[in-house]
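Trainee: Residue numbers (our numbering): 2 to 782. Backbone N, C-alpha and C define an ideal beta-carbon position, used for all residues, glycine too. Structure incoming, see below.
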Amino acid sequence: MNLSRRSFLKWSATLGAMGTGLMSLTACSQNASLTGSEAASAGEQIIPTASTQDCGGRCLIKAHVKDGVITRISTRGAYEEDEPGANMKACLRGRSYRKHLYHPDRLKYPMKRVGKRGEGKFEQISWEEAIDTIANETRRIFDQYGPESRYCNVGTGDTGGVIYRMGLGGRFLSATGGHLPLYNSVSMGNTGTATPYVYGVAATASSLDSLKDTKLVILWGHNTTETIFGASNYYFRQMKNRGCKFICVDPRNSNTAVAFADEWIPLLPTTDNALMDAMAYVIVSENLHDQAFLDQYVQGFDEEHMPEGVPAHESLVSYLFGKKDGVEKTPEWAEAICKVPAETIRRIAREYATTKPAALIQGWGPQRHSCGERTALGATMLASITGNVGVLGGWAGGYIGLSRKGCVGLPDVPNPYPGAIPTLSWVDAIECPEKVTPAEGLLGVDKLNSPIKMLLNLAGDFIANQNPDINRTIRVLEDESLVEFIVVSDLFMTPSARYADILLPGNTFFERYNIGATWNNGDYFILSQKIVDNYYESRSEYDWLAEVADKLGAKDVFTGGKTEEEWVRWIVDETRAKYPETLSWEELEKVGISKFHYDGPRVAFQDQIEDPVNNPFPTPSGKIELFSKTLYDMHNPEIPAIPVYVPAWEGPEDELTEKYPLQLIGWKTKARDNSTFYNNPWLQQAMVQEVWINPMDAKPRNIVTGDRVKVFNDRGTTMLQARVTSRVIPGVIAAPTGSWFTPDGKGGCTNGNLNVLTTLRKTALSHGNTQHTSLVEISKL
């Protein structure tokens, strides 16, 4: 076992204590200091740290440690007015981290596959054998097929740290000759691609403290209470207490709508642009738009402000009033499509246009559709026509990234291979690389000369759980003549881990150093400290990749001569050199958090609005481009030059609804980060894997709450429990994402995983994620 008797006894005792009540929720103080004054017994330390999971927040948690074992987890106290983001209190996920660390099902040793790929049959091997095998196969595949045959897949289990596991995999492959990289975020790639066509840049968010005096917020598919999107919940609660009105637009009455909304407006998925267009129609027809703003800053609103060479009736106003297609985009027109009552559309359009300032903040769920780019652009349209861009308390729409201060990153190791594929093209790149063309999103090269033959999957459950169309994906993975070598490093035997040829036990953020960084608007970072020894023979991916690189003569290139801890110290020092207010390493060890300071709020595009002559928008016209000549010249009906409604494939107007009449959407839940924590016993109690169905859809199918049902389409079947509720709009069913795929051997999943139903078909512009666009049927088992 290569494990000392002392270590074995320590881990055995720790696992045995799991049921003793040491982790009870009532034992977690909300106001524990970091001085150790709360210590339950002599010799206990309280060490601040942060998770590096793919969570939208980054809370400071406190590990109570005695004799090298974490006995419980506590957290920061309640929010304080003077330090919002840095006082984020741990949620259910954060409070349950110890159950994750000491889970009895954690992988303990390196293993190699002994059965058919996907069967989950493995035998224990030594680290020496694992490293030799990986080094030999890495070298063989490179020599036989070239750099583009090697690929590191999306790793969503650890993306909240500056040093993240997927990035280490790409770094290793770059250091050893090159690899086929991916681009486009699974989460928000459609928005990130579309937004620059309007503003010239992707990052369009203002800081949340700029919303202090905002009178109205429309949260459009933005579920912050469960994703913990930065410090959003803190700011929204303060705004709510000051009288700000919240409207939530969502097919589902989410927990965010319950927590904040004065009004929930349900609509059918993929029809967001119809609602947006009708709101714009009301605003313009009733002369509620900001014409002065549009005249000075915007291209494409009306016929008088169009680029040269474009024929008549291509402007936004011409579209809204049907000058070209003969259809006015009235609320009645939109009601028939999106199912929002016409009078509701008129009311919220007037309210948004006349409330100054107002913020329409769109989440990432609405853009994970076949119409994702258009939906993202629709929010920029409404912000522009009401003059809410570049003003304190407004919001520009588009990708809600924020460009302010942050930690420096690791220096890159250049990748010698020039090509790249969209995130969701990896299955095609294995099975039929000739289909991965520049027209389908291939960048940097004209074609792929080799299929993917080696797959690294580090801290991720994407290859056989979170990836769309699982049935097709696993058929490809099971064929050993296609991918010849798969390495997986993870904490558990996840669905993806079952497809490994070499399976390695990763370690948690408690067992290594890193920097915990927030998604957006965090304005701080946290030192994620190594607190306990590695669990059994688990190791950081950095350490074993360095050993493999050493076998291949590339260790110095991969490591830069530093250990993982030394890189984290370097990041702190370099960030401190750039931003002197950054705390030192010694200070971070004591208090955990280093907060960035600013003179005031950041308002996106404030410089362009206040001084347009010296600060034009970085677009071809120098203005906000509601009409994009670049998109117009593509001549693609799915990518119109203005953000207009186009019926989506597998949407409510698709002929396929005759066979599969319901739209399926998933949501990120408070109990998981993607599929991470699925097997956490506390979080399994917190949320049942169930599908929501409206009473109007449940009654004709004879479905009642608690029934076991199957949801199916031509791609597969998944089975789970039903919940009949009016919290989801008729015509739509919804379930949490991230349940572990449990095959029934007949193309189905017995555990409610949605990705047996989702599609690998991509969006037209960004070649991005469409996982929320799926037509299905549901029936009682």
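1. Give me the residue from 74, 435, 491 and 272 with the minimum Cα distance to residue 460.
2. When the distance is taken between beta carbons, is residue 113 closer than 9 Å to residue 806?
3. What are the start and end residues of each continuous beta strand (DSSP E) run of 3 or more residues lying completely inside the segment 233-297, in chain order?
4. Taking the DSSP output, what are the residues bridged to residue 694?
5. Check the DSSP bridge columns for residue 620 and list the partner residues they point to.
6. Beta-carbon within less than 7 Å of residue 26's beta-carbon, same chain only, minus the 5 sequence neighbours each way: which residues are those?
7. So is residue 599 buried or exposed if we call it buried at 16+ other beta carbons inside 10 Å?
8. Could you please give me the residues that DSSP links to residue 778 through a beta bridge?
9. Whose C-beta lies closer than 6 Å to the C-beta of residue 756 among residues of the same chain, with five residues either side of it excluded?
10. Hey, would you say residue 539 sits closer than 9 Å to residue 566, going by beta carbons?
11. Three-state secondary structure (DSSP) at residue 171?
12. Is the CB-CB distance between residue 526 and residue 407 below 9 Å?
13. Decide yes or no for the touch test of the segment 628-645 against the segment 416-433: beta carbon pairs closer than 8 Å, at least 3 of them.
14. Rounded to whole angstroms, what is the Cα-Cα separation between residue 666 and residue 713?
15. In the structure shown, what three-state DSSP assignment does residue 773 receive?
16. So, are the CB atoms of residue 528 and residue 595 less than 9 Å apart?
17. Count the other CB atoms within 10 Å of the CB of residue 167; is the residue buried (16 or more) or exposed (fewer)?
18. Give me, in chain order, the residues of the same chain whose beta-carbon lies closer than 6 Å to that of residue 188; leave out the 5 immediate sequence neighbours on both sides.
19. Excluding the 5 residues flanking residue 111 on each side, which residues of the same chain have their C-beta closer than 8 Å to its C-beta?
20. Where DSSP assigns a beta bridge to residue 221, which residues make up the other side?
21. So what does residue 126 bridge to, in DSSP terms?
22. Can you tell me whether DSSP reads residue 744 as helix, strand or coil?
23. Considering only the beta carbon of each residue, do residue 59 and residue 519 sit closer than 9 Å?
24. In the DSSP output, which residue or residues are listed as bridge partners for residue 626?
25. When you compare the segment 233-250 with the segment 259-276, are there three or more beta-carbon pairs, one atom per stretch, that lie closer than 8 Å?
26. Pick from 157, 604 and 740: whose alpha carbon is nearest that of residue 394?
27. Taking the CB atoms as reference points, tell me whether residue 350 and residue 283 lie closer together than 9 Å.
28. Taking the straight line between their C-alpha atoms, what separation do you get for residue 622 and residue 386?
29. Quick one: measure Cβ to Cβ for residue 493 and residue 181, integer angstroms, because I've assumed they're closer than 8 Å.
30. Mind checking whether residue 275 and residue 397 have CB atoms under 9 Å apart?
31. For a test of the three-state rule: what should DSSP assign to residue 75, helix, strand or coil?
32. In this structure, how does DSSP classify residue 307 when only helix, strand and coil are distinguished?
33. With residue 271 and residue 371 assumed to form a contact (beta carbons below 8 Å), what rounded beta-carbon distance in angstroms separates them?
34. So, is residue 83 buried or exposed, given that buried needs 16 or more other C-beta atoms within 10 angstroms?
35. Going by beta carbon distance, what residues of the same chain come within less than 8 Å of residue 735, once the five residues before and after it are set aside?
36. Decide if residue 782 is buried, meaning its Cβ has at least 16 other Cβ atoms within 10 Å, or exposed.
Mentor: According to the structure shown:
1. By 1-based counting over the sequence shown, the position of residue 460 is 459. The option with the nearest alpha carbon to residue 460 is 491.
2. Coverage of the chain is limited to positions 2 through 782, which leaves residue 806 absent and any answer about it impossible.
3. Those beta strand (DSSP E) runs which fall completely within the segment 233-297 and span 3+ residues are 246-250 and 264-266.
4. Translated into the one-based positions of the sequence shown, residue 694 becomes position 693. Partner(s): 725 and 734.
5. For this step, residue 620 is matched to residue 619 along the sequence shown. BP columns for residue 620 are empty, so no partner.
6. The residue labelled residue 26 in the question sits at position 25 within the sequence shown. At residue 26, the pLDDT of 29 sits below 50, so the modelled position is not reliable; the number obtained from the coordinates is stated separately. Within the same chain, and ignoring the five residues on either side of residue 26 in sequence, the residues whose Cβ sits closer than 7 Å to its Cβ are 96.
7. Counting from 1 along the sequence shown, the entry for residue 599 is found at position 598. Exposed is the label assigned to residue 599, since fewer than 16 other Cβ atoms lie within 10 Å of its Cβ.
8. Here the question's residue 778 lines up with position 777 in the sequence shown. For residue 778, DSSP records a beta bridge to 713.
9. As a position in the sequence shown, residue 756 is number 755, starting the count at 1. Excluding residues within five positions, the ones whose Cβ falls inside 6 Å are 469 and 471.
10. Along the sequence shown, one-based indexing puts residue 539 at 538. Along the sequence shown, one-based indexing puts residue 566 at 565. Note that the C-beta distance between residue 539 and residue 566 is not below 9 Å.
11. By one-based count along the sequence shown, residue 171 stands at place 170. Residue 171: helix per DSSP, three-state reduction.
12. The count along the sequence shown starts at 1 and reaches residue 526 at position 525. The count along the sequence shown starts at 1 and reaches residue 407 at position 406. Going by C-beta atoms, residue 526 is nearer than 9 Å to residue 407.
13. Cβ pair count under 8 Å is below three, so no.
14. As a first step, residue 666 is located in the sequence shown; it is residue number 665 there, counting from the start. As a first step, residue 713 is located in the sequence shown; it is residue number 712 there, counting from the start. One C-alpha to the other measures close to 13 Å.
15. On the sequence shown, position 772 is the one that residue 773 refers to. DSSP, reduced to helix, strand and coil, places residue 773 outside both helices and strands of the structure shown, so it counts as coil.
16. The residue labelled residue 528 in the question sits at position 527 within the sequence shown. The residue labelled residue 595 in the question sits at position 594 within the sequence shown. The answer is yes: Cβ separation under 9 Å.
17. Your numbering for residue 167 matches position 166 in the sequence shown. Here residue 167 is buried: its Cβ has 16 or more other Cβ atoms, across all protein chains shown, within 10 Å.
18. Position 187 of the sequence shown, counted from the start, is the residue given in the question as residue 188. Apart from sequence neighbours up to five positions away, the residues of its chain that approach residue 188 with a beta-carbon distance below 6 Å are 365, ordered along the chain.
19. As a first step, residue 111 is located in the sequence shown; it is residue number 110 there, counting from the start. Correct list, in chain order: 125, 126, 127, 128, 130, 131, 503, 504, 505, 506 and 538.
20. Here residue 221 refers to the residue found at position 220 of the sequence shown. Residue 221 pairs with 250 and 363.
21. Here residue 126 refers to the residue found at position 125 of the sequence shown. The partner list for residue 126 (beta bridge, DSSP) is empty, contrary to what the question assumes.
22. In the sequence shown, residue 744 corresponds to position 743, counting from 1. If DSSP states are grouped into helix, strand and coil, residue 744 belongs with the strands.
23. As a working mapping, residue 59 is identified with position 58 in the sequence shown. As a working mapping, residue 519 is identified with position 518 in the sequence shown. Taking 9 Å as the cut-off, the Cβ atoms of residue 59 and residue 519 count as close.
24. Counting from one through the sequence shown, the residue named residue 626 turns up at place 625. Per DSSP, 300.
25. Contact between the segment 233-250 and the segment 259-276 is present: three or more C-beta pairs spanning the two stretches fall below 8 Å.
26. Counting from one through the sequence shown, the residue named residue 394 turns up at place 393. Relative to residue 394, the option among 157, 604 and 740 whose CA is nearest is 604.
27. Here residue 350 refers to the residue found at position 349 of the sequence shown. Here residue 283 refers to the residue found at position 282 of the sequence shown. Result yes, Cβ atoms of residue 350 and residue 283 sit closer than 9 Å.
28. What you label residue 622 is simply residue 621 of the sequence shown in a count that begins at 1. What you label residue 386 is simply residue 385 of the sequence shown in a count that begins at 1. In a straight line, the C-alpha of residue 622 is about 18 Å away from that of residue 386.
29. For the purposes of this step, residue 493 is taken as the residue at position 492 of the sequence shown. For the purposes of this step, residue 181 is taken as the residue at position 180 of the sequence shown. Not quite, the Cβ-Cβ distance comes to about 27 Å (not below 8 Å), so this is no contact.
30. Indexing the sequence shown from 1 puts residue 275 at position 274. Indexing the sequence shown from 1 puts residue 397 at position 396. At a Cβ-Cβ threshold of 9 Å, residue 275 and residue 397 do not count as neighbours.
31. Here residue 75 is taken as the residue at index 74 of the sequence shown, counted from 1. Annotated three-state conformation of residue 75 is strand, per DSSP.
32. For this step, residue 307 is matched to residue 306 along the sequence shown. Residue 307 falls in the coil class under three-state DSSP.
33. Translated into the one-based positions of the sequence shown, residue 271 becomes position 270. Translated into the one-based positions of the sequence shown, residue 371 becomes position 370. Confirmed, Cβ separation roughly 7 Å.
34. The residue you call residue 83 lines up with position 82 of the sequence shown. Confidence at residue 83 is low in this model, with a pLDDT of 47, below 50, so the placement of that residue is unreliable and no value is reported for it.
35. Counting from 1 along the sequence shown, the entry for residue 735 is found at position 734. Taken in chain order, the residues that qualify are 252, 253, 665, 666, 667, 668, 692, 693 and 729.
36. Position 781 of the sequence shown, counting from 1, holds the residue named residue 782. Exposed.
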